[in-house]
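Chains as they are written, first to last, in the working numbering: chain A, 1 to 313; chain B, 314 to 678.
Note that the Cβ used here is the ideal one computed from N, Cα and C, for glycine as well.
The structure presented is a predicted model; accordingly, all values stated were derived computationally and were not measured.
What follows is one structure encoded as structure tokens, with my remarks underneath.
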Amino acid sequence: MSAYSITEPTLRAKWVAGSIVVLYALITLLPLVWIVLTGFKTPPDSISYPPKVIFSPSMEGYVNLFTTRSRIAADDLAALPPPETWYDQIVRDRDMVIVGPSKFGERFLNSVIIGFGSTALSIILGTLAAYAFSRFRVPLKDDLLFFILSTRMMPPIAVAIPIFLMYRSLGLSDTHLGMILLYTGVNISLAVWLLKGFIDEIPREYEEAALIDGYTRFQAFRKVVLPQAATGIASTAIFCLIFAWNEYAFAVLLTSGTAQTAPPFIPTIIGVGGQDWPAVGAGVTLFLLPVMIFTILLRKHLLRGITFGAVRK
Amino acid sequence: MAEIIIRNLRKEFGAFTAVQDSSFTIGDGEFFMLLGPSGCGKTTTLRMIAGLELPTAGEIFIDGEEVSQKPASQRDIAFVFQMFALYPHMNVRRNISYPLVSQGLPPAQVKTKVAEVARILGIESILDKPVGGLSGGDRQRVALGRAIVRDPKAFMMDEPLGALDAEFREHMSEELRALHDRMGATTVYVTHDQLEAMQMGDKIVVMNHGVVEQFGVPQDIYDHPATLFVADFIGSPSMNFLRYDGAVRAGDTTVSLGGVTMRTPEIQADAAPGPRVFGVRPEHVRLTDSGAYRGKIEASEYLGTTQIITLSSSCGSLKARVPSGQVAKLGEVVGLEFNPATISIFDEITGRALRSAANARVLHG
Numbered sequence: 001m002s003a004y005s006i007t008e009p010t011l012r013a014k015w016v017a018g019s020i021v022v023l024y025a026l027i028t029l030l031p032l033v034w035i036v037l038t039g040f041k042t043p044p045d046s047i048s049y050p051p052k053v054i055f056s057p058s059m060e061g062y063v064n065l066f067t068t069r070s071r072i073a074a075d076d077l078a079a080l081p082p083p084e085t086w087y088d089q090i091v092r093d094r095d096m097v098i099v100g101p102s103k104f105g106e107r108f109l110n111s112v113i114i115g116f117g118s119t120a121l122s123i124i125l126g127t128l129a130a131y132a133f134s135r136f137r138v139p140l141k142d143d144l145l146f147f148i149l150s151t152r153m154m155p156p157i158a159v160a161i162p163i164f165l166m167y168r169s170l171g172l173s174d175t176h177l178g179m180i181l182l183y184t185g186v187n188i189s190l191a192v193w194l195l196k197g198f199i200d201e202i203p204r205e206y207e208e209a210a211l212i213d214g215y216t217r218f219q220a221f222r223k224v225v226l227p228q229a230a231t232g233i234a235s236t237a238i239f240c241l242i243f244a245w246n247e248y249a250f251a252v253l254l255t256s257g258t259a260q261t262a263p264p265f266i267p268t269i270i271g272v273g274g275q276d277w278p279a280v281g282a283g284v285t286l287f288l289l290p291v292m293i294f295t296i297l298l299r300k301h302l303l304r305g306i307t308f309g310a311v312r313k
Numbered sequence: 314m315a316e317i318i319i320r321n322l323r324k325e326f327g328a329f330t331a332v333q334d335s336s337f338t339i340g341d342g343e344f345f346m347l348l349g350p351s352g353c354g355k356t357t358t359l360r361m362i363a364g365l366e367l368p369t370a371g372e373i374f375i376d377g378e379e380v381s382q383k384p385a386s387q388r389d390i391a392f393v394f395q396m397f398a399l400y401p402h403m404n405v406r407r408n409i410s411y412p413l414v415s416q417g418l419p420p421a422q423v424k425t426k427v428a429e430v431a432r433i434l435g436i437e438s439i440l441d442k443p444v445g446g447l448s449g450g451d452r453q454r455v456a457l458g459r460a461i462v463r464d465p466k467a468f469m470m471d472e473p474l475g476a477l478d479a480e481f482r483e484h485m486s487e488e489l490r491a492l493h494d495r496m497g498a499t500t501v502y503v504t505h506d507q508l509e510a511m512q513m514g515d516k517i518v519v520m521n522h523g524v525v526e527q528f529g530v531p532q533d534i535y536d537h538p539a540t541l542f543v544a545d546f547i548g549s550p551s552m553n554f555l556r557y558d559g560a561v562r563a564g565d566t567t568v569s570l571g572g573v574t575m576r577t578p579e580i581q582a583d584a585a586p587g588p589r590v591f592g593v594r595p596e597h598v599r600l601t602d603s604g605a606y607r608g609k610i611e612a613s614e615y616l617g618t619t620q621i622i623t624l625s626s627s628c629g630s631l632k633a634r635v636p637s638g639q640v641a642k643l644g645e646v647v648g649l650e651f652n653p654a655t656i657s658i659f660d661e662i663t664g665r666a667l668r669s670a671a672n673a674r675v676l677h678g
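And the structure:
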């Protein structure tokens, strides 16, 4: 018999807690698993009823995602030389030929440039502003902080039309710069407020020690404050990236070609040559990867950062 | 090493005046204590000398150079914080070498200096440890190491022992004083602990509400407090205050306390009739049957070699420090004698001591 302990949970309590966690994970992961699996199905498998859980995997969705194809007559198809690659083969099996690459690669690259670009800009501006609010006697500090926060008090899409008109006359529509500025504008209030909390937690004495040791204010900020604020910066960066990466409404409204990001592009796949769910699944799977990798890389910081400095390490 | 001169230094935070027109001089190589209760402006004064706050008005001379509006980095002083403020993302060695790196010293020289400082402080064995796991005393030594490694003109210390436990504080204060004596560096030390100030300081400034109440060597401040505040703040138990009304004239050598004539040092000032305070330290009160001034024993505290007797008298209650062997019965009325040379007379309205033959040398301003 083990003795009763107030710090160590009983075996049954562990089982209950474990089951709840696993159940919750299953519920939240199920749609994700389904979309990943769909990416590896053939189009008939993806819409079969009852849904197929066991199926023979195919790369057709990924091939369709990255290519544009054209249907040709059976006679012409027979006249062609044998397919050179495995993806040529997959397309031929559907009586089609590849006529060129799709726009997915470009759109994905746009997402990377705009998402990471606006995250970097938000973090740089946010850290400097948060430091100033935390350390200096800024006139009207509280009012300014409230003003910064107030930009988040309405849904950003409420100002979509003014922004659309403004961007059109400034020539920022459908440009990378325009989207980076827009997402930075939305994220900056979050960044300033989160980072101010983290920087407030860092004792001033560290910088003062550095100032006395002969460093300038900026050197003290860079060499002493930034390493201390790494946790906060990492978790703020994740929040900013997730917003910029997933943003759909503004992307639809303000981009159509050059600067279009992946979110507005993926739905357009559905319309090309029937409802190509495997290609959508493949697109979504690839779209999820960068944020997942970024989050995993910064996970150690995020776990500590998400408590917002409430717990001393 | 340097002399530090503070002239009419003033600091306002908005409507609040933290330091009011303070002036004093810190001699070259002195261990100088800024003493006062919390909120008295002592830390603000220290931070102004260091350059972490800029004064609203006044001058600060370090080694003859006026620095009051210069940034901390250009003053060549070192600062030891109460929280130590060791850089948590660096190990001990990097913490100590940091000020040298900022001066652009070549790595070989940095290495030699750090090794030398580590030897002086006895922390060679922990040089490569992270600062996170160190004990309070070791952190303190590392903080000192970071301060002395640069051979600055002066050291500023803001309650450096405040974060240590009582037992260790004693040990560390001896170590600090020994270090100072060996290096001979001008040191400005902030504390609210009057015992610490008297134990360690060559000179003490006592501050209250942003005003310098008195400055001088510990014994002068203890024996001849310039104000009621200093008399009350320094010493434990503090000076006895017996209140009476009366006029004084220059040349008086007695005052009338509750109808009893008491001898005092020769008064050197005239003062119109008004409320006065007769100040006497507990160790200068003797219980004797011949004393004309009478007090009733209310309580006694046993302290080993001495005991503290609390008495009530016609001019207020007072404490006497007497040998613990002396018998003191509660409720008994006894005669009291005061050592005349040690008496201070204060004006209760201004709170200042009246000039006398005893304190004339000490009072200033």
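Fill in: Cβ-Cβ distance between E343(B) and K466(B) below 8 Å
On the second sequence, position 30 is the one that residue 343(B) refers to. On the second sequence, position 153 is the one that residue 466(B) refers to. Not in contact: E343(B) and K466(B) (Cβ atoms no closer than 8 Å).
Practice prompt. Write down the C-beta distance between A331(B) and G523(B) rounded to the nearest angstrom, noting that I regard them as a contact closer than 8 Å.
Written response: The residue given as residue 331(B) occupies position 18 in the second sequence. The residue given as residue 523(B) occupies position 210 in the second sequence. Confirmed, about 5 Å.
Fill in: Entirely enclosed alpha helix (DSSP H) segments - the region 506–562 of chain B, minimum 4 residues
If only complete runs of 4 or more residues are kept, the region 506–562 of chain B shows the alpha helix (DSSP H) at 507–513, 531–536, 541–546, in order along the chain.
Practice prompt. Pull up the distance between the alpha-carbon of G309(A) and that of G214(A), whole angstroms please.
Written response: Numbered from 1 along the first sequence, position 309 holds the residue referred to as residue 309(A). Numbered from 1 along the first sequence, position 214 holds the residue referred to as residue 214(A). Annotation note: pLDDT 41 at G309(A) (below 50); position unreliable, coordinate value reported separately. Whole-angstrom Cα-Cα distance: 29 Å.
Worksheet item: With burial defined as no fewer than 16 other Cβ atoms inside 10 Å of the residue's Cβ, what is the status of L140(A): buried or exposed?
Response: Here the question's residue 140(A) lines up with position 140 in the first sequence. Burial call: exposed.
Worksheet item: When the Cα atoms are used, what is the spatial distance from G185(A) to S122(A)?
Response: Position 185 of the first sequence, counting from 1, holds the residue named residue 185(A). Position 122 of the first sequence, counting from 1, holds the residue named residue 122(A). Cα to Cα, G185(A) sits roughly 8 Å from S122(A).
Practice prompt. With a threshold of 16 other CB atoms inside 10 Å of the CB of M153(A), please say whether the residue is buried or exposed.
Written response: Along the first sequence, one-based indexing puts residue 153(A) at 153. Exposed, since its Cβ has fewer than 16 Cβ neighbours within 10 Å.
Worksheet item: At a Cβ threshold of 8 Å, is V224(A) touching chain B?
Response: On the first sequence, residue 224(A) is found 224 positions in, with the first residue counted as 1. Yes, contact with chain B.
Worksheet item: Do the CB positions of V444(B) and R452(B) come within less than 8 Å of each other?
Response: If you number the second sequence from 1, residue 444(B) lands on position 131. If you number the second sequence from 1, residue 452(B) lands on position 139. The answer is yes: Cβ separation under 8 Å.
Worksheet item: Who are the neighbours of G390(B) on chain A, taking C-beta pairs under 9 Å?
Response: Taking the second sequence and counting its residues from 1, one reaches residue 390(B) at position 77. Sequence inspection shows Ile at residue 390(B); the Gly mentioned does not correspond to that position. Correct list: I212.
Worksheet item: According to the Cβ coordinates, are I375(B) and A315(B) closer than 8 Å?
Response: Taking the second sequence and counting its residues from 1, the one referred to as residue 375(B) is at position 62. Taking the second sequence and counting its residues from 1, the one referred to as residue 315(B) is at position 2. Contact flag set, yes.
Worksheet item: If you draw a straight line from the C-alpha of V593(B) to the C-alpha of M552(B), how long is it?
Response: If you number the second sequence from 1, residue 593(B) lands on position 280. If you number the second sequence from 1, residue 552(B) lands on position 239. Roughly 6 Å separates the two Cα atoms.
Worksheet item: Leaving out the 5 sequence neighbours to the left and right, which residues in its chain are closer than 8 Å to I390(B) when beta-carbon positions are compared?
Response: Sequence index remark: in the second sequence, residue 390(B) carries index 77 (1-based). These residues qualify, in order along the chain: I362, A363, G364, I375, P465, K466, A467, F468, M469.
Discussion item. I need the DSSP call for G309(A), collapsed to helix, strand or coil.
Written reply: Start at 1 with the first residue of the first sequence, and residue 309(A) comes out as number 309. Legend: pLDDT at G309(A) = 41, less than 50; position of this residue unreliable, value from coordinates given subsequently. In this structure, G309(A) counts as coil in the three-state DSSP scheme.
Worksheet item: What residue from L298(A), L297(A), T285(A) has the CA that sits closest to P31(A)'s CA?
Response: Taking the first sequence and counting its residues from 1, the one referred to as residue 31(A) is at position 31. P31(A) has its Cα closest to that of T285(A), out of L298(A), L297(A), T285(A).
Worksheet item: Going by the beta-carbon positions, is the gap between V53(A) and G281(A) smaller than 8 Å?
Response: The sequence position of residue 53(A) within the first sequence is 53, counting from 1. The sequence position of residue 281(A) within the first sequence is 281, counting from 1. No, they are not a contact pair.
Worksheet item: Of the choices D558(B), T577(B), G572(B), P595(B), whose alpha-carbon is the least far from that of A584(B)?
Response: If you number the second sequence from 1, residue 584(B) lands on position 271. When only C-alpha atoms are compared, the closest one is D558(B).
Worksheet item: In chain B, which residues lie less than 7 Å from E205(A) when you measure between Cβ atoms?
Response: Residue mapping note: residue 205(A) aligns to position 205 of the first sequence, counting from 1. The contacting residues are F394, M396, A398.
Worksheet item: Just curious, the alpha helix (DSSP H) that E60(A) is in, first and last residue?
Response: Within the first sequence, the letter at position 60 stands for residue 60(A). 60–66 is the span of the alpha helix (DSSP H), which, as asked, contains E60(A).
Worksheet entry | Interface partners of E208(A) on chain B, CB under 9 Å | Counting from 1 along the first sequence, the entry for residue 208(A) is found at position 208. In chain order: R360, A363, L365, A385, F392, F394, A398.
Worksheet item: Helix, strand or coil: which one does DSSP assign to D464(B)?
Response: Within the second sequence, the letter at position 151 stands for residue 464(B). Correct three-state label for D464(B): coil.
Worksheet item: If we call anything under 8 Å between Cβ atoms a contact, is T619(B) one with S630(B)?
Response: The residue given as residue 619(B) occupies position 306 in the second sequence. The residue given as residue 630(B) occupies position 317 in the second sequence. Cβ atoms of T619(B) and S630(B): not closer than 8 Å.
Item to complete: Could you tell me the distance, in whole angstroms, from the CA atom of V393(B) to the CA atom of A421(B)?
Response: Here the question's residue 393(B) lines up with position 80 in the second sequence. Here the question's residue 421(B) lines up with position 108 in the second sequence. Distance between the alpha carbons of V393(B) and A421(B): 26 Å.
Practice prompt. Take every Cβ of the region 47–64 of chain A, pair it with every Cβ of the region 83–95 of chain A, and state whether three or more of those distances are shorter than 8 Å.
Written response: yes
Worksheet item: Under a three-way DSSP split, which group does E596(B) fall into?
Response: In the second sequence, residue 596(B) corresponds to position 283, counting from 1. Looking at E596(B) - three-state DSSP - the assignment turns out to be helix.
Discussion item. Using only the alpha-carbon positions, how far apart do L182(A) and I373(B) sit?
Written reply: Mapped onto the first sequence, residue 182(A) falls at position 182. Mapped onto the second sequence, residue 373(B) falls at position 60. Answer to the nearest angstrom: the Cα atoms are 50 Å apart.
Practice prompt. Report, in whole angstroms, the separation of the C-beta atoms of G608(B) and L649(B), which I expect to be a contact under 8 Å.
Written response: Within the second sequence, residue 608(B) is the residue found at index 295, counting from 1. Within the second sequence, residue 649(B) is the residue found at index 336, counting from 1. Right, the Cβ-Cβ distance comes to about 5 Å (below 8 Å), so this counts as a contact.
Worksheet item: For Q422(B) and chain A, any beta-carbon pair shorter than 8 Å?
Response: Position 109 of the second sequence, counted from the start, is the residue given in the question as residue 422(B). No, its Cβ sits nowhere closer than 8 Å to a Cβ of chain A.
Worksheet item: For I270(A), which of helix, strand or coil comes out of DSSP?
Response: The count along the first sequence starts at 1 and reaches residue 270(A) at position 270. Taken through DSSP and simplified to helix, strand or coil, I270(A) comes out as helix.
Worksheet item: Got a sec: is the Cβ-Cβ distance from R312(A) to anything in chain B below 8 Å?
Response: Counting from 1 along the first sequence, the entry for residue 312(A) is found at position 312. Below a pLDDT of 50, predicted positions are generally treated as unreliable, and R312(A), at 39, falls in that range; the measurement from the model is reported next regardless. R312(A) does not count as touching chain B.
Worksheet item: Across which residues does DSSP place N404(B) in a beta bridge pair?
Response: For the purposes of this step, residue 404(B) is identified with residue 91 of the second sequence, where counting begins at 1. Answer is P443(B).
Discussion item. When you compare the CB of S351(B) with every CB in chain A, is at least one pair closer than 8 Å?
Written reply: Residue numbering aside, residue 351(B) sits at position 38 when the second sequence is read from its first letter. Not one chain A Cβ lies under 8 Å of S351(B).
Fill in: Reference A129(A), options G100(A), I199(A), T119(A), G178(A), closest by Cα
Along the first sequence, one-based indexing puts residue 129(A) at 129. Between A129(A) and the set G100(A), I199(A), T119(A), G178(A), the nearest pair of CA atoms involves I199(A).
Discussion item. Which residues of the region 407–421 of chain B have a Cβ closer than 7 Å to any Cβ of chain A? Give them in chain order.
Written reply: Y411, P412, S415, Q416
Worksheet item: Alpha carbon to alpha carbon, how far is A210(A) from R222(A)?
Response: By 1-based counting over the first sequence, the position of residue 210(A) is 210. By 1-based counting over the first sequence, the position of residue 222(A) is 222. Distance between the alpha carbons of A210(A) and R222(A): 11 Å.
Worksheet item: What are the partner residues of I339(B), as DSSP defines its beta bridges?
Response: Sequence index remark: in the second sequence, residue 339(B) carries index 26 (1-based). According to DSSP, I339(B) bridges with I317(B).
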